[in-house]
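Chains as they are written, first to last, in numbering that gives the first Met the number 0: chain F, 0 to 309; chain L, 0 to 327.
The C-beta atom is built at its ideal place from N, Cα and C for all residues, glycine as well.
Everything on this sheet refers to the single structure shown next.
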Amino acid sequence: MPEPSIELDAGAVAATAEGTVYDLGYTPHEGPRLGRSAAIRAMFVDGSRRALGLRRKAWAKVLPWTLIAAAIVPAAWVVALTFVVAGFSLEDAGPFGDPAEFFQVIGLLAMFFVGLVGPTLLIPDRRHGVLAVYASRPVRAADYLLARAATLVVLTSLFILIPQAILYVGISSLYVEGFRAGLVEHASEIPEILGTTIAYVLAYGAPAFLIALFAQRLSIASGVYVLIMFLTSMVVEAMPRATDLLVFKVMAPLALFWNPLSVRDWLFNREPEDWPLERVGLEPWVAVATIVAITLATVVIAHRRYRRYF
Amino acid sequence: MSTIEIQERHDVVTQLRDPAHAARPTVEVHGVSKWFGTKVAVSDVTCSFGPGITGLLGPNGAGKTTLLRTITGLLRPSEGRVSIFGTDPRKDPSVYRRIGFVPEDDAVYGHLSARQLVRYAAELSRHDASPAVVETAIARVNLLADADRPIVEYSKGMRQRAKVAAALVNEPDLLVLDEPLNGADPTQRAVLIAIFHELAAAGRTIIVSSHVLAEVERMTDRVIAILDGKLAAAGHIRAIRAAMTHIPHKVRIEADDPRILARALVDVPAVVGVHFQDGGLEVETSNLAELGKAIPAITVEKSVRVTRFEPVDASLESVFRHLLSIRR
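As structure tokens, then:
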């Protein structure tokens, strides 16, 4: 039987013979709504601020900004010298005079930066129960991890590329045919610089992310990461040179610290140095394959681990 | 009509009669169990929630939070399934656009201000994150004056309100609140309860978990009680009390001559005990309706004037105490 019609009182939005619902001024939102990319972007911005200690107390800024300063200030100093000191040549600048050489300097700093940022992006959310903030909203585990990984990749890339850009300007300024001609001349190295940067970001970032997936404390995660990077390199360093033993061929790619340098020499078409891979007679593509394999494994493990929270 | 159709119709009719089920369910919990190792936190719970406020009750460790986290998809049920607006939230996360959740623990970033937290919540919910929308959510919980201070400097009650604002910013159709009034002072509680009533009146589904029974009683009279992870009772508070026929009801009766009334009452079969208390009588009866019928006859026969007849154990607290005594 249909409900008998009821004449609504002023302010009533619905009424039956037994009850009335009054309009208390609740006005639903009719405006535009954001998409999935906005949620990912918000998490990216949040992660970047956290990694750099922005909007945090001073102590949270000390480590990341010390490393950033250590990466940028020497490069800026060399560039300043090129303008100030008459007769300053590239040979005087040591590794700062060559983008490929500079990767050896910036790579070490980047490893410490990644060891700091990777755990900072993942561990506090798990440890302090903040994942519920994400899991109770239309955010998938993949969105969360994508945003966190993007933060790590972008910040580390900038960490490497900003000093490189400063040096690029500095080197170009020394070009005998003028600054503009120098910029054009050295632009040919940009693809190699970008490629090597990607190799560094993935080779160093993936293990840091992997450790942060499981560690419970930031300091432990950072310590274990640096230890693994150095220990694997030291073990391989101790290998006999020019060996054919299979065990060394298997171990050589696991010298995680050195893999990006093999990629650098390959991309810059340099004479290979005495890196672990070259020592056991393996081609540089093995370094690329190792970096890709570790990155893919990290992606799969991260997704499997975080599905339980979302 | 096939056997399956008959069975389905029977199930629907049974559900409609079952007070554990809402008439127009928006959240349905079907045989949900959740265990952690050997610890069973929730055991085969079936119930549903509809528009309006439903209180989820239970002592500490009863499984309320686990059930809420399962409902909101934060935990995967070990058995059974949950559907929200007809969708499994773990399979279709877009349903979270219609959900607001206030977890019990302090799941907030202390370095953010309430304004930043609410904006972040709006962005994550893919809602409009414009300043006006954020401002409205903060204003609803009376937090505008402190909206730009870091949450780490807030009192517990203020943090709760910030979390509620973050849950409200996407104008959810379903609001799940785990101990939302923890730490709030009486004025703040009144504000929050008024908000929940307002949302309920607007047709929103609100599930409130609390172990403070007086709070739940101020918000709703429909409750679902969980004890040891199992569904212990469901429905309206008085109906649950009425269903506890094995526990005598207590009634406070005041009369101009309590002694004569007491003597007459002990002859009523439904009366199992009579105690003098504060100048009146506290009568225990196995059948409240039968006692109610007997009183007028006694007053006429014995010329006694009854000035008060009030069940004293139909409050939520009494009902809950009885539920706990059943468990023991």
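Can you look up residue i in the DSSP assignment and give me helix, strand or coil?
i	result
V11 (chain L)	Low per-residue confidence applies at V11 (chain L): pLDDT is 49, beneath 50, and the placement is therefore not dependable, though the value from the model is reported in the following sentence. Three-state result, V11 (chain L): helix.
Y308 (chain F)	coil
H110 (chain L)	coil
E253 (chain L)	strand
V72 (chain F)	helix
P98 (chain F)	helix
T25 (chain L)	coil
L328 (chain L)	This structure gives no information on residue 328 (chain L), because the portion of chain L shown stretches from 0 to 327.
E78 (chain L)	strand
F112 (chain F)	helix
S101 (chain L)	As written in the sequence, residue 101 (chain L) is Val, which differs from the Ser given in the question. Residue state, collapsed to three classes: strand.
T195 (chain F)	helix
H245 (chain L)	coil
K162 (chain L)	helix
P63 (chain F)	helix
A288 (chain F)	helix
P31 (chain F)	coil
P259 (chain F)	helix
A313 (chain L)	coil
R55 (chain F)	coil
S93 (chain L)	helix
R125 (chain F)	helix
V117 (chain L)	helix
V215 (chain L)	helix
R269 (chain F)	coil
Using DSSP's beta-bridge definition, name the partner residues of residue i.
i	result
W34 (chain L)	L:V39
I206 (chain L)	L:T53 and L:V175
G234 (chain L)	L:V222
I83 (chain L)	L:V26 and L:T86
K229 (chain L)	L:L226
V44 (chain L)	L:V31
P149 (chain L)	L:S112
Nearest to residue i by alpha carbon, out of the options?
i	options	result
E184 (chain F)	F:Y308, F:G194 and F:I170	F:I170
R240 (chain L)	L:A146, L:S317, L:V107 and L:K162	L:S317
R158 (chain L)	L:L176, L:G182, L:A193 and L:F195	L:G182
L280 (chain L)	L:K155, L:A269 and L:F308	L:F308
R307 (chain F)	L:R118, L:A19, L:R89 and L:G109	L:R89
V175 (chain F)	F:R303, F:T81, F:D45 and F:A205	F:T81
P18 (chain L)	L:T45, L:R139 and L:S285	L:T45
A166 (chain F)	F:A41, F:A92, F:V234 and F:A296	The residue asked about is misnamed: residue 166 (chain F) is Leu in this sequence, not Ala. Here the closest residue by C-alpha is F:A92.
D177 (chain L)	L:K63, L:A213 and L:P24	L:K63
S82 (chain L)	L:K38, L:R139, L:P24 and L:S129	L:P24
May I have the straight-line CA-CA distance separating residue i from residue j, to the nearest angstrom?
i	j	result
R97 (chain L)	A21 (chain L)	19 Å
Y21 (chain F)	I206 (chain L)	Residue confidence for Y21 (chain F) is low, a pLDDT of 46 falling below 50, so the modelled location carries little weight; the figure read from the coordinates is stated next. C-alpha separation (whole angstroms): 21 Å.
N169 (chain L)	A121 (chain L)	6 Å
A99 (chain F)	E270 (chain F)	12 Å
L151 (chain F)	V116 (chain F)	7 Å
A232 (chain L)	A161 (chain L)	32 Å
S47 (chain F)	G280 (chain F)	40 Å
L73 (chain L)	L56 (chain L)	20 Å
F158 (chain F)	A109 (chain F)	7 Å
R125 (chain L)	V107 (chain L)	18 Å
R126 (chain F)	A38 (chain F)	22 Å
K155 (chain L)	V113 (chain F)	35 Å
P50 (chain L)	K292 (chain L)	37 Å
R304 (chain L)	I294 (chain L)	10 Å
L23 (chain F)	V299 (chain F)	Low confidence applies to L23 (chain F): its pLDDT is 46, below 50, so where it sits in the model is not reliable, and the reading given next is rough at best. C-alpha separation (whole angstroms): 49 Å.
L123 (chain L)	I52 (chain L)	26 Å
M233 (chain F)	W274 (chain F)	12 Å
Between which two residues does the beta strand (DSSP E) harbouring residue i extend?
i	result
I225 (chain L)	R221 to L226
L371 (chain L)	There is no way to answer for residue 371 (chain L), as the model of chain L reaches only from 0 to 327.
T306 (chain L)	V305 to P310
Where do the N-terminal and C-terminal ends of the alpha helix (DSSP H) with residue i fall, by residue?
i	result
H196 (chain L)	P185 to A200
P130 (chain L)	P130 to R139
V235 (chain F)	L217 to E236
F275 (chain L)	That residue, F275 (chain L), is in no alpha helix (DSSP H); its beta strand (DSSP E) goes V270 to Q276.
H185 (chain F)	F178 to H185
R49 (chain F)	R35 to L51
P252 (chain F)	First-last for P252 (chain F): undefined, no H or E at that position.
Y143 (chain F)	A140 to S172
E277 (chain F)	P275 to R278
T71 (chain L)	Run containing T71 (chain L): none; DSSP gives neither H nor E here.
V132 (chain F)	L130 to A134
Is it the case that the CB of residue i approaches a heavy atom of the ligand FMN more closely than 8 Å?
i	result
P185 (chain L)	The ligand FMN is not among the ligands present in this structure, which contains no ligands whatsoever.
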